[in-house]
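What follows is one structure encoded as structure tokens, with my remarks underneath.
Protein chains: 2
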Amino acid sequence: MTTSTEYEPLTLETIVPRLKLIEPVTSILGSDTSKWKAAEIGDGNLNLVFILKGDKGSLIVKQALPYVRLVGDSWPLPLTRAFFEYNSLVRQNSRAPNSVPKVFFFDKVQALIVMEFLHPHKILRGKLIAGEPVTGISEVLGLFCARTLFRGSDLSMDTSDKKNDVALFLGNSALCDITESLVFTDPYFDAKMNHNTPGLEKIIGQIRGDINLKVKVQDALMKFSSNTETLCHGDLHSGSVMCTTDDTKIIDPEFGFYGPMGFDIGMLISNFLMAYISQPAHRSSKNLVKFQDWILEIIIKFYEVFTNEFTNLWKTERNGILFPKSLFEDQGQSSEKALEALLKNIWFDALTISGIEIHRRILSLAHNADFEDIKDEIIRSRLEAKALMMGKELILNREAINDTNALSIIARRFNQGSFL
Amino acid sequence: MTTSTEYEPLTLETIVPRLKLIEPVTSILGSDTSKWKAAEIGDGNLNLVFILKGDKGSLIVKQALPYVRLVGDSWPLPLTRAFFEYNSLVRQNSRAPNSVPKVFFFDKVQALIVMEFLHPHKILRGKLIAGEPVTGISEVLGLFCARTLFRGSDLSMDTSDKKNDVALFLGNSALCDITESLVFTDPYFDAKMNHNTPGLEKIIGQIRGDINLKVKVQDALMKFSSNTETLCHGDLHSGSVMCTTDDTKIIDPEFGFYGPMGFDIGMLISNFLMAYISQPAHRSSKNLVKFQDWILEIIIKFYEVFTNEFTNLWKTERNGILFPKSLFEDQGQSSEKALEALLKNIWFDALTISGIEIHRRILSLAHNADFEDIKDEIIRSRLEAKALMMGKELILNREAINDTNALSIIARRFNQGSFL
């Protein structure tokens, strides 16, 4: 690192010599580099990820590649995404302390972040498939969303600082472009990289044939591409959450961008909904109902924590230009109606995003293991059909879904339904 | 200019020696600089403006000052606004040709733009006060809005280019800050720089006491500060339009920023509405009705031209990421519903901005001559009361105002009404 100024991907052979002179690394791993051991664990779609262990401790070393790892060098992707991940982690850590891995070192040229090794944490998606509950997960996720969304917005920030930060993150356009295409657009036409389980063709026809649905989806895309309300994680699904039985951390914010407040919430909820709908393929009927109930409770509890903390911050940290106290409290008037209206907008945006995220995970390029791990295509397509139809409902009838209880009822209805 | 790299305001004494070596200037004015004559005409609130005449032609030289000219050096304002004005003019000229003055020279350090001298053009606001109609004004303004709003958005631009441009214009935060404070906030509380005609206190109390109104205003501020739909002029009132009897040009885009599509339209319409309401103080009853009718017709015709051209561009230039043809026309489906929904949102945003702009022009710092030139405070307050109440109606009941015909009926109702 210190001897090279040109980008070069790490390998198992070079990682120790290249990192051994970096102070934060040696102080955590121990200075006897002969004891350092590296292993590559990259199981994501985009990057190189190593665990580096020494006699005193261990670390994660994450390095961006100049292309999409999942696809290869035919799909170039700028190294700058590491810069945006680093900057997102720094802001998340200050806005929502203890919810993201600690960062120890960042090298912009090498597109490399050295960070805390979360152990014995596992990816939440795997735990949901395995039927392993996590204590306290709703609290961590609810507080994380409330604090990052509120504190990254004009409700809280100095507006000139916020504009500078929005301008900085607009540089992450290549990763926004992925979301704009793969999430908001590809599911709704016969795009090149799409793939789907056989048997879904009729439902896909229904979705693509629904003009009202597509208008609402494109409205949501317009918000995604032109609405800089707050710094979003940008990819907050169950693959970006790591848990033990009672600890939860949020990782991988390389898609960080200033966007609508409902974006992270909607993506997160939809991934719980997909976990819920896919459960019958992963669980014996004995444990099925209980674990499905637990997932729906997580959604309800998460959103309750989110609204409570958002309300708390509204009362205690509303120092930005929006809804200033001078217009409400200082005139002896309540700002409660403003908060209610804002929360309602966030909720409706989140429902739309939820529906879209479900569609893209079943129809577009990047599917998720909740469904993809189901070997039997008949079973998979039946469950995916429920999810697709539920997604359509969330987008088209969001005004009728007042809260997470109403959402739970809808989830149960589609879970019971049969659409193939 | 060419001999100095440090910012220095021009004076009548220095303007000729400082500009005489700049090629575009000499080629327009003529190279015999002994024949050059300068006059200061700055009547705006912010900048130095000179006319420079030579034996071959004439030019406008506009230079930003490091403070607000209207207030003095107690209110500093960055020179960079000239950079944003220049960049706005360049984009407006390419997106809506022939609607803005030609730019001949720009010096970033000197915060100076040399541009076309519009002659015999007069500021539209003065013509509206004097009762002088302008032929073709609706067409120019309607085409300007449609073309700049459409072509500066993700409906048309490459989204990565657009994000870069949004990032660039986020640097204009000082001028956005003025709008955020003076337009969206100050009218709704007892702000330091506010002033108003005596007699309006009761109505002001009604406006500031209306929580629903203030929630809607702050929603609009949230859109202003966090919605980067398109490059807006940012200050498109009748003081930023210059006309002869049959030519119209749009000037002064130093408030240029990426914001909601309804912003320019709303500000423009509200300035026509204020001109309309203020007419009884400027016109004998003989000519009053005719000229008031003409103003309302301008609004209707302007919006018709806007929607027609926006629709035309939707059909012919929709090459951006939003509402792509792949999701509609290429699947044999119409995108008309999407266009309708978008135009409806623009209209509702415009109505809200109209109401807010009316409020700030009567209650905040920068009033407009339509009312301010009325010497008799009793008459002025009566007319301002009508405008204030109409503004409230536009914000609170916008969903009931379907189009410009409905808006005209409302304008006529408040024109007839009496509120003091």
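Protein sequence lines, in the order shown, are assigned to chains A and B.
Residue 1615 is where the first sequence ends in my numbering, and the numbering goes up by one at each step.
Residue 1615 is where the second sequence ends in my numbering, and the numbering goes up by one at each step.
From the three backbone atoms N, C-alpha and C, an ideal C-beta is built for every residue, glycine too.
Residue burial classification, B:Trp1542 (beta-carbon count within 10 angstroms, cutoff 16): buried
Contact set for B:Ile1210: own chain, Cβ-Cβ below 8 Å, skip 5 residues either direction: Ala1233, Phe1245, Leu1247 and Val1256
Inter-residue spacing [alpha-carbon to alpha-carbon] between A:Thr1599 and A:Arg1320: 21 Å
is_contact[A:Asp1372, chain B] using C-beta, thresh 8 Å: yes
Given B:Thr1380 as reference, the closest of B:Tyr1202, B:Asn1597, B:His1554 and B:Glu1588 once Cα atoms are compared: B:His1554
Neighbour-count burial assignment, A:Pro1292, 16 or more Cβ in a 10 Å radius: exposed
Residues near A:Pro1189 in its chain [Cβ-Cβ closer than 7 Å; skip 5 each side]: With chain A represented from 1196 up to 1615, any question about residue 1189 of chain A goes unanswered, as that position is not in the structure.
Under 8 Å from the C-beta of B:Leu1243: neighbouring residues of chain A: The premise fails here: B:Leu1243 is roughly 25 Å from chain A at the closest Cβ pair, so nothing lies under 8 Å.
Where the alpha helix (DSSP H) through B:Lys1357 begins and ends: Thr1354 to Phe1364
Straight-line Cα distance separating A:Leu1254 from A:Asn1367: 26 Å
Members of the region 1453 to 1468 of chain B that neighbour chain A once the beta carbon cut-off is set at 9 Å: Tyr1453 and Pro1455
Status (buried if at least 16 other CB within 10 Å, exposed otherwise) for A:Asn1592: exposed
Cβ contact check for the region 1503 to 1517 of chain B and the region 1388 to 1403 of chain A: 3 or more pairs under 8 Å: no
Endpoints, alpha helix (DSSP H) assigned at A:Ser1530: A:Ser1530 -> no alpha helix (DSSP H), and no H or E assigned at all.
Inside the region 1223 to 1301 of chain A only - alpha helix (DSSP H) runs reaching at least 4 residues: 1276 to 1290
Residue environment, B:Thr1374, which counts as buried when at least 16 other CB atoms sit within 10 Å: buried
Test: A:Ala1362 CB closer than 8 Å to a CB of chain B: yes
For A:Lys1317 and A:Met1437, believed in contact at Cβ under 8 Å, the rounded distance: 7 Å
Helix, strand or coil at A:Thr1547 according to DSSP, with G and I counted as helix: helix
8 Å Cβ cutoff met for B:Ile1551 and B:Phe1458: no
Local Cβ density within 10 Å of B:Ala1627, reported as buried at 16 or more and exposed below that: Past the edges of chain B, shown from 1196 to 1615, lies residue 1627 of chain B, and the structure says nothing about it.
Span separating the alpha-carbon of B:Leu1534 from that of B:Glu1594: 18 Å
Coil, strand or helix - B:Ile1553 by DSSP: helix
Cβ neighbour criterion (16 or more within 10 Å) applied to A:Asn1597: exposed
Proximity of A:Leu1363 and A:Ser1433 at Cβ, strictly below 8 Å: no
CA nearest to the CA of B:Lys1409, picked from A:Pro1519, A:Glu1203, A:Ile1236 and A:Glu1579: A:Pro1519
Where B:Asn1407 meets chain A, residues with beta-carbon distance less than 9 Å: Lys1532
Local conformation of A:Met1469 per DSSP, three classes: helix
Secondary structure of B:Met1406, DSSP reduced to three states: Reading the sequence as shown, one finds Ile at residue 1406 of chain B and not Met. In the structure shown, B:Ile1406 sits in a helix (DSSP, three-state: H, G or I).
A:Val1298 to A:Gln1413 span [Cα, whole Å]: 36 Å
Inter-residue Cα distance where the pair is B:Tyr1498 and B:Glu1504: 10 Å
Chain B contact for A:Thr1423 (CB, 8 Å cutoff): yes
Interface partners of B:Ala1536 on chain A, CB under 8 Å: Val1410 and Asp1414
contact_flag[the region 1573 to 1588 of chain A, the region 1440 to 1450 of chain A] where n(CB pairs < 8 Å) is 3 or more: no
Separation of B:Ser1420 from A:Phe1614, as counted between CA atoms: 44 Å
Selection of the region 1372 to 1399 of chain A by Cβ proximity to chain B, strictly under 7 Å: Asp1372, Glu1375, Thr1380, Tyr1383 and Phe1384
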